[in-house]
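So the sequence lines, in the order shown, correspond to chains U and R. Everything in the first sequence is counted per the working numbering, starting at 1 for the first residue and increasing by one. Everything in the second sequence is counted per the working numbering, starting at 1001 for the first residue and increasing by one. Note that beta-carbon positions come from the ideal geometry of N, C-alpha and C, so glycine has one too. This structure is a prediction, so every number in the text was calculated from the model and none was measured. Below is one structure; the comments refer to it alone.
Protein chains: 2
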Amino acid sequence: MPASSKADPARAYWAIEDSLGHLARLIFRSFSMLRDAQTRAHGVSSGHWTFLRQLWREDGLSQHELSRRLVMQDATTTVALRGLEKQGLIHRHVNRRDRRETLVYLTPRARELASTLLPVTGDVQTLATRGFTPDEVRALRSLLCRIIVNLVEEEASHLDRGQW
Amino acid sequence: MPASSKADPARAYWAIEDSLGHLARLIFRSFSMLRDAQTRAHGVSSGHWTFLRQLWREDGLSQHELSRRLVMQDATTTVALRGLEKQGLIHRHVNRRDRRETLVYLTPRARELASTLLPVTGDVQTLATRGFTPDEVRALRSLLCRIIVNLVEEEASHLDRGQW
DNA sequence: AGCATTATCTTAGCATACTAAGAAAAGGCA
DNA sequence: TGCCTTTTCTTAGTATGCTAAGATAATGCT
């Protein structure tokens, strides 16, 4: 008999539905994987995607500003951008007005990729919310944002108390 | 002037609110970190927590069954359990009726930790949903579960088509 | 019984992303 | 101006969790 994992793949998920953190993990992971399946063929990994997506909106930012917008550590950004540079998707040069900063620019190749790859996010999102009414999607986004605000405030108060 | 990250920490999050995958990432990460801050003092890391929590519900499961319930790869489980064993929180022995399986049991020490650490999940959850009505919490859980079902079905159909 | 297939666990290698600590540049102030 | 602090980026080390490939045990088929 096949393992129970094949019998009803969704069952395993329902069993842990009482933890919002866990639900968030599953959703984040599925999003990454589904997106990755589409973008990998173009040499864009899951880790690179996050940065590319932000740069498609606006490039010429410093690494620190990029990190801030994506809520990533500077060190993480350094490593990810090194990979993107090696793939010829970005180039970087020191800001002449503040030579501590490194500004990040897309290459023409990366710009061309945008039209191919940007729709992928939309596709995954559409798929994830299949059967949702527009109101439900809006409600979900709103609830998630409220959670994030709560969590951010809590983290900030931890910081203030010097706990971290 | 201080970096803008300190000016309004929540702003950075709102800027990317249009991606459900990204929102899920932020929530998952905040949950992990807030929990970690409480449990680390007891020698329980974020990665161990997931497994401990499941084992507090029911131990004596095989590693594969544990993996299935937590939606983890078997290899991931192997490594995590090795850590828990080294910490003296679990012990494992081969199932006599099927010697391919390794059954996982909590140690008395791990059982004692339950009463101290289990409330932590609840605390983080309460904090995350501050200002929510019970109906909103229920609605959120329900919406998240529906997304997961959608995503699982999609992944399953990818598997069927042999794409992965 | 014997052999091929399947299931479970492990190992190895890699990707992502964290923290801590250090280097280089800029800013602030005596 | 010179020194101390802050900011930005980098490096090193670690944790989490993935895939691929292998070892061992059980199962199924002839």
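Asked, Found
"With Arg92(U) and Leu103(U) assumed to form a contact (beta carbons below 8 Å), what rounded beta-carbon distance in angstroms separates them?", "7 Å"
"Using beta carbons (cut-off 8 Å, strictly below), is Gly131(U) in contact with chain R?", "yes"
"Taking the alpha helix (DSSP H) that Leu118(U) falls in, what are its first and last residues?", "108 to 128"
"Assuming His64(U) contacts Thr116(U) (C-beta within less than 8 Å), just tell me the rounded distance between them.", "Contact flag wrong, Cβ pair sits at about 29 Å."
"Strictly below 9 Å CB to CB, what residues from chain U border Phe1051(R)?", "Neighbours of Phe1051(R) on chain U: none; closest Cβ ~12 Å, over 9 Å."
"Chain U beta carbons: is any one of them nearer than 8 Å to that of Ser1045(R)?", "no"
"For Ser32(U), which three-state DSSP category applies?", "helix"
"Look at Ser1019(R) and Thr121(U) and say whether their C-beta atoms are less than 8 Å apart.", "yes"
"So which of Thr39(U), Gly21(U), His22(U), Arg25(U) has the shortest CA-CA distance to Asp123(U)?", "Thr39(U)"
"Return no unless some Cβ of chain R is closer than 8 Å to the Cβ of Thr121(U).", "yes"
"If you follow the beta strand (DSSP E) that Val1094(R) is part of, which residue opens it and which one closes it?", "1090 to 1094"
"Please decide whether Arg1025(R) counts as near chain U, where near means a Cβ-Cβ distance under 8 Å.", "yes"
"Classify Ser1062(R) as helix, strand or coil using the three-state DSSP reduction.", "strand"
"For the alpha helix (DSSP H) that contains Phe1132(R), what are its first and last residues?", "First-last for Phe1132(R): undefined, no H or E at that position."
"Could you check what DSSP says for Val1071(R) in three-state terms: helix, strand or coil?", "coil"
"If the cut is a Cβ gap below 7 Å, which residues of chain R does Gln125(U) touch?", "Leu1020"
"Rounded to whole angstroms, what is the Cα-Cα separation between Leu1089(R) and Leu1034(R)?", "22 Å"
"Compare the beta carbon distance of Ala80(U) and Ala1024(R) with 8 Å and say whether it is the shorter of the two.", "no"
"Can you pull out the residues from the segment 1071 to 1097 of chain R whose beta carbon lies closer than 7 Å to at least one beta carbon of chain U?", "Val1071"
"Buried or exposed: which applies to Ser1157(R), given that a residue is buried once 16 or more other Cβ atoms fall within 10 Å of its Cβ?", "exposed"
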